[in-house]
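Visitor: Take a look at this one; I'll ask things after.
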Amino acid sequence: MLKVYQQQNGGLKSSEIAADGEIPSASKWIDLFNPTLDERRAVDKFLAMELPTRADMEEIEISSRLYQEDDGVFMTALILANSESDAPKADVVTFVLARDTLVTIRYIDPQPFRTFAARCERTSHYAGKAETILLGLIDTIIDRMADILERVGNEVEAINHEVFNPDVKGPKGAKDYQGVLSRLGMKHGATSKMRESLLSIGRVLTFLTQAVEGKANKEVKAHIKTLTRDVQSLQDHSSFIAGKLSYLQDGTLGLINNEQNNIIKIMSVAAMVFLPPTLIASIYGMNFKYMPELDWFYGYGASILLMIVSGIVPYFWFKRRGWL
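The working numbering puts the first residue of the sequence shown at 34, with every later residue one more than the last.
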């Protein structure tokens, strides 16, 4: 889909352009979402430069993601989509500044793009330079990342309460540690994607600072500096959440180990209590012709009493020694 935004009625009015249509010369923002080959060629012709392909966008080298070419500034970052789910998707999005026009190339539909597009139509603040539109879009992305981190942080705190609060029990009276580990794994995966996304956005802002040096006004430079600080603070917060997730994972595994040890302890106590009586019962269960106790009138009662005593005495001995 090829959508263009041009200044109209104090804001940026969006309109879809067919692949064989003409892109308005006053376009301030060109958004390519899952573009076809014809749509890419139309934008290439409009800008008089070649846009990166999807394969180019997925290159992990910094030089392939951040570069200047043909009077254009090309910046690729990792952006999150489906962030409300437990398994958000992360994919590359390319931002191109060329001829006072912002071009975005993406194959996912993050919510910040929809939010910012609606905001552009309501206000005239973004109807100026392409740098202002780009920074406004990045600002919206960062705000969304902050909301996601806040939500994940609250969910991690809830898991922390569930794991270490002795009053919190599962549906069957025991804690569901398997479910806790599963949720921790999902949160850890989401946090890792956010950290990777924040790292790529930080690199974009650093590169943009160098690219606009001597060209942008003080307001743009100040905005870039503010966004850079915001990204840094979110990176610090995401590192804190990642550390807490690792701590919770280790703590949960430790509690699982303790439960397993308690089960083994119970089995050991049972074996210790029943082993001596079993030995006595085995002795008197031997099928020999001459066993004097077999003809004793009180033999059965005496053997039962002996088995009970042989089970109780080791139990209290172990307990007194602190081994139970």
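C-beta: ideal position from N, C-alpha, C; glycine also.
Bear in mind that the values here come from a model prediction, so they are computed numbers and not experimental data.
Applying the criterion that 16 or more other CB atoms from any shown protein chain within 10 Å of the CB defines a buried residue, is Ile174 buried or exposed?
Guide: buried
Visitor: Check whether the Cβ atoms of Phe107 and Thr127 sit closer than 8 angstroms, and answer yes or no.
Guide: If you check the CB distance, Phe107 and Thr127 come in under 8 angstroms.
Visitor: At the level of alpha carbons, what is the spacing between Ser279 and Cys153?
Guide: Straight-line Cα distance between these residues: approximately 41 angstroms.
Visitor: Can the beta-carbon of Leu135 be found less than 8 angstroms from the beta-carbon of Ile171?
Guide: no
Visitor: Could you compute how far the alpha carbon of Pro347 sits from the alpha carbon of Ser315?
Guide: 18 angstroms
Visitor: Which term fits His194, buried or exposed, when burial requires 16 or more other beta carbons within 10 angstroms of its beta carbon?
Guide: exposed
Visitor: With a threshold of 16 other CB atoms inside 10 Å of the CB of Ile181, please say whether the residue is buried or exposed.
Guide: buried
Visitor: Closest to Met34 by CA distance: which of Gly44, Pro68 and Pro57 is it?
Guide: Measuring C-alpha to C-alpha distances from Met34 to each of Gly44, Pro68 and Pro57 identifies Pro68 as the nearest.
Visitor: List, from N- to C-terminal side, the alpha helix (DSSP H) runs of 4 residues or more that fit wholly inside the segment 160-230.
Guide: 163-197
Visitor: Between the C-alpha atoms of Thr156 and Leu45, what's the straight-line distance to the nearest angstrom?
Guide: 8 angstroms
Visitor: Quick check on Glu164: buried or exposed, where buried means 16 or more other Cβ atoms within 10 Å of its Cβ?
Guide: Burial call: buried.
Visitor: Restricting to Cα atoms, I'd like to know which of Thr148, Gly212, Tyr331 and Leu241 is closest to His256.
Guide: The residue with the shortest Cα to Cα distance from His256 is Leu241.
Visitor: Should Ile192 be labelled buried (16 or more other beta-carbon atoms within 10 Å of its own) or exposed?
Guide: buried
Visitor: Considering just the uninterrupted stretch of the beta strand (DSSP E) at Val136, what are its terminal residues?
Guide: First-last of the beta strand (DSSP E) with Val136: Thr134 to Arg139.
Visitor: What would DSSP say about Glu72, mapped onto helix, strand or coil?
Guide: Here Glu72 sits in helix by DSSP.
Visitor: If you reduce the DSSP assignment to three classes, tell me which class Lys254 lands in.
Guide: helix
Visitor: If I'm right that Lys131 touches Met82 with Cβ under 8 angstroms, what's the distance once you round it to whole angstroms?
Guide: The residue asked about is misnamed: residue 131 is Ala in this sequence, not Lys. Right, the Cβ-Cβ distance comes to about 6 angstroms (below 8 angstroms), so this counts as a contact.
Visitor: For Pro199, count neighbouring Cβ atoms within 10 angstroms of its own Cβ and tell me buried if that reaches 16, exposed if not.
Guide: Taking every protein chain shown into account, the CB of Pro199 has fewer than 16 other CB atoms within 10 angstroms, so this residue is exposed.
Visitor: Quick check on Met227: buried or exposed, where buried means 16 or more other Cβ atoms within 10 Å of its Cβ?
Guide: Residue burial is scored here from C-beta neighbours: Met227 has at least 16 other C-beta atoms within 10 angstroms and is therefore classed as buried.
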